[in-house]
Amino acid sequence: MGNTYYGYAQREAAEQVDWSGVARKFTTMLDDEVKAKEEREASLDQSNTDLATLLSTAPSSENKELHNWILDYANNASNYSLMLHRSVKNGNMSTKQYTNAMNNLTAGTNQAIAIANKYNDFFIEQEKRRKENDLPAEMLYQGSIIQDFADFNNTALYIDPITMKVSQGKTVTKNIQGEDVRTLSENPEDFKPVSTLLGWMGETYGKFDMTGAVDNIAGNMAVSYQALNTEFLADGTKNPNFDPRISGEDNVRLNENYDKAMDNYITSYLQDPRNVSSILADYAGVAPNGEAWDFTTDPKAKGENMIYLSPNNNGGYSIDLDTDKGRELQKLAGEALRGAVDVKLPRKITMAETVDTKDFNY
Numbered sequence: 293m294g295n296t297y298y299g300y301a302q303r304e305a306a307e308q309v310d311w312s313g314v315a316r317k318f319t320t321m322l323d324d325e326v327k328a329k330e331e332r333e334a335s336l337d338q339s340n341t342d343l344a345t346l347l348s349t350a351p352s353s354e355n356k357e358l359h360n361w362i363l364d365y366a367n368n369a370s371n372y373s374l375m376l377h378r379s380v381k382n383g384n385m386s387t388k389q390y391t392n393a394m395n396n397l398t399a400g401t402n403q404a405i406a407i408a409n410k411y412n413d414f415f416i417e418q419e420k421r422r423k424e425n426d427l428p429a430e431m432l433y434q435g436s437i438i439q440d441f442a443d444f445n446n447t448a449l450y451i452d453p454i455t456m457k458v459s460q461g462k463t464v465t466k467n468i469q470g471e472d473v474r475t476l477s478e479n480p481e482d483f484k485p486v487s488t489l490l491g492w493m494g495e496t497y498g499k500f501d502m503t504g505a506v507d508n509i510a511g512n513m514a515v516s517y518q519a520l521n522t523e524f525l526a527d528g529t530k531n532p533n534f535d536p537r538i539s540g541e542d543n544v545r546l547n548e549n550y551d552k553a554m555d556n557y558i559t560s561y562l563q564d565p566r567n568v569s570s571i572l573a574d575y576a577g578v579a580p581n582g583e584a585w586d587f588t589t590d591p592k593a594k595g596e597n598m599i600y601l602s603p604n605n606n607g608g609y610s611i612d613l614d615t616d617k618g619r620e621l622q623k624l625a626g627e628a629l630r631g632a633v634d635v636k637l638p639r640k641i642t643m644a645e646t647v648d649t650k651d652f653n654y
């Protein structure tokens, strides 16, 4: 019994807990939690303060319409910011959700302020490039949309209540309870993200260099290929192109490798959607139905002459070359470019000695 008691006492001594050390660690953990919570709350408060500071930098314009446009947005953004702040404080949304929403709202506010500051300079630059004949039709179309949204008396900045992303939308008159009021349109095409509008305003690309492309392709193609005009081909079959008035022809188009080489050169220029739209709208001019090419961002728009610009991964709009319509437009642009190159390449026909040249009409 003594041995058993002795052994038990040893185990009790070996397993004794250092309660003072535990208490210190526990206190430190609680202090760290309190500190982390205070830092998180300070960060949340700072996000709210940063947005308020940003809104205070919004331009104050002598243009009454622009001034009211910005002022209305500033009021709405402040209210949304306050709503978000209360929601995260009350535990109705997570810190991550709050951070994402505030990031979107702040980014949209920055872009809205930038748009307000850039509108005037943008239109001056567009007009200058238009007069210099250096403005692609696609950019002219985008400019017309921006022009519509620059009507501050008939547009408003809209904050998505779910994502807090900012768009600019057109306003319409509605009769509500017997009174005419201005409210945002319900047509999706009457809205554009401010990031898209700002992106369009920052683009500076020019028209497709048709002359340079044609010269480059023609310069890289063989310019001479001698072919005799024989009644029968090498396999003994009758030549469908035989003309007894012609003894021979110097024409690179008769080279069996011509089409493949030409296709490769043409395709290299058609990987950029802007090149496709510029070749069609700036050079070809008219669609196969005889109507002038036009642009749209409305997927429901119909017409053989419509160049549909769809949302792309860069936040803007462009021809989607991976769709059936995009590939069709690409094919038509290729035909236009090929036709221009064809005019550039020489062709020389040698007439048969028995043919009177004054009667030759080929």
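In my numbering, the protein residues as written are 293 to 654. Even for Gly, the Cβ is constructed at its ideal location relative to N, Cα and C.
Per DSSP, cross-strand counterpart(s) of residue i
| i | result |
| --- | --- |
| E471 | I468 |
| L449 | Q460 |
| Y600 | T588 |
| L476 | T463 |
| S610 | S602 |
| V578 | A584 |
Span of the beta strand (DSSP E) around residue i
| i | result |
| --- | --- |
| F587 | 586 to 588 |
| K484 | 483 to 485 |
Whole-angstrom distance between residue j and residue i, CA atom to CA atom
| i | j | result |
| --- | --- | --- |
| N367 | N395 | 18 Å |
| Y450 | T475 | 11 Å |
| L358 | A404 | 12 Å |
| I454 | N556 | 48 Å |
| Y433 | N371 | 35 Å |
| E419 | M513 | 39 Å |
| Y397 | S373 | The sequence as given places Leu at residue 397; Tyr does not occur at that position. Their backbone Cα atoms lie some 8 Å apart in a straight line. |
| V486 | G511 | 45 Å |
| K663 | D452 | Lying before the first or after the last residue shown, residue 663 is absent from the chain, which here runs from 293 to 654. |
| G504 | L629 | 11 Å |
| L427 | N382 | 53 Å |
| D364 | L376 | 19 Å |
| S560 | A553 | 11 Å |
| M431 | N605 | 18 Å |
Residue interval of the alpha helix (DSSP H) (run including residue i)
| i | result |
| --- | --- |
| Y550 | 550 to 561 |
| K592 | Note, K592: premise wrong, no alpha helix (DSSP H); not H, not E. |
| D364 | 356 to 381 |
| A573 | Run containing A573: none; DSSP gives neither H nor E here. |
| N502 | In the sequence under discussion, the amino acid at residue 502 is Met, which differs from the Asn named in the question. 502 to 512 is the span of the alpha helix (DSSP H), which, as asked, contains M502. |
| T401 | 387 to 423 |
| I437 | 429 to 441 |
| E627 | 616 to 636 |
Test item: CB-CB of residue i and residue j under 7 Å
| i | j | result |
| --- | --- | --- |
| A573 | A429 | yes |
| G608 | L562 | no |
| G400 | K457 | yes |
| P565 | I611 | yes |
| K484 | Q460 | yes |
| I438 | L490 | no |
| A442 | Y411 | yes |
| Y575 | T588 | no |
| D586 | M598 | yes |
| I362 | A408 | yes |
Residue i versus the options, residue with shortest Cα-Cα distance
| i | options | result |
| --- | --- | --- |
| A632 | A579, I599, E417, D501 | D501 |
| V568 | Y550, L624, N604 | L624 |
| D472 | N479, E478, V464 | V464 |
| G243 | N604, L621, P480, S570 | Absent from the structure is residue 243, since the part of the chain shown begins at 293 and ends at 654. |
beta-carbon residue i near the ligand FMN non-hydrogen atom, thresh 6 Å
| i | result |
| --- | --- |
| G511 | This structure does not include the ligand FMN; it has no bound ligands of any sort. |
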